[in-house]
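Chains as they are written, first to last, in the numbering used here: chain A, 1 to 113; chain B, 1001 to 1114.
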């Protein structure tokens, strides 16, 4: 079965620094890898999607990389702000139109002033 | 901006009772999903639904679970006889279609089984 590991359960950084979160996967190679944000008691909110043939994707202060050789994705938030504090989830999709997502447990990011 | 809505936000029930969780997906979406998240654990896929039938289900989605799209707007998850271990947040999601389309999640229903 698909296994997804996110590097740590919690990450604490100072405002203005870059947060880097890691997602490693085993077994099947995903066609798409997605990152979501989840606030306490709320549903996941989509942030970025990267395809297996893409190396990097950016959106404002967010950047995602995808290395299919290492089976790893890195998620960066530059110029982090306290409002970025949340749990960030990595999710894999295996490329069928059915769209089943396999989620990691998430990394809880805290940005302190 | 269109969003997925879910009701109720919190449901408390006795073990053995039936519950129905309701979702209104985004109106032009074609694919519908239920996920659950036990407190402190990862989000887990339950079932996907397309073209008025189940397209995939996980090992969690046993005979106690069923889904229905009774009309053009609602999408429901029924648990026939709840167990203590069914206590979790249940999320509905929908997407327009096509590979790599974004899945939009609802705010969730917190189910507590006593």
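From the three backbone atoms N, C-alpha and C, an ideal C-beta is built for every residue, glycine too. Note that the structure is a prediction, hence the values are computed from the model and not measured.
Chain B residues whose Cβ lies nearer than 9 Å to that of residue 135 of chain A: Within the shown structure, residues of chain A are numbered from 1 to 113, placing residue 135 of chain A beyond reach of any answer.
Cutoff 8 Å; reference residue 86 of chain A; Cβ partners in own chain excluding five residues on either side: Excluding residues up to 5 positions away in sequence, 37, 38, 39, 108 and 109 lie with their Cβ nearer than 8 Å to the Cβ of residue 86 of chain A in the same chain.
Residue burial classification, residue 34 of chain A (beta-carbon count within 10 angstroms, cutoff 16): buried
Which listed residue (A:3, A:2, A:14 and A:18) has its alpha carbon closest to that of residue 74 of chain A: A:18
Member of A:25, A:20, A:11 and A:80 whose CA lies at the smallest distance from the CA of residue 52 of chain A: A:25
Contact between the stretch 1095-1108 of chain B and the stretch 1016-1034 of chain B (3+ Cβ pairs under 8 Å): In short, these stretches touch, since the Cβ pair count reaches three.
Beta strand (DSSP E) segment containing residue 39 of chain A, residue limits: Note, residue 39 of chain A: premise wrong, no beta strand (DSSP E); not H, not E.
Given 8 Å, three or more beta-carbon pairs between the stretch 1061-1081 of chain B and the stretch 8-16 of chain A: no
DSSP state of residue 84 of chain A mapped onto helix, strand, coil: helix
Host beta strand (DSSP E) of residue 25 of chain A (start-end): 19-26
Pair within 8 Å by beta-carbon distance, residue 61 of chain A and residue 1041 of chain B: no
Buried versus exposed call for residue 1109 of chain B [16 or more other C-beta atoms within 10 Å across all chains shown]: Flag for residue 1109 of chain B reads buried.
Span separating the alpha-carbon of residue 1008 of chain B from that of residue 1075 of chain B: 13 Å
The stretch 1002-1022 of chain B contacting the stretch 1041-1060 of chain B, beta-carbon criterion three pairs below 8 Å: Result no; under three Cβ-Cβ pairs closer than 8 Å.
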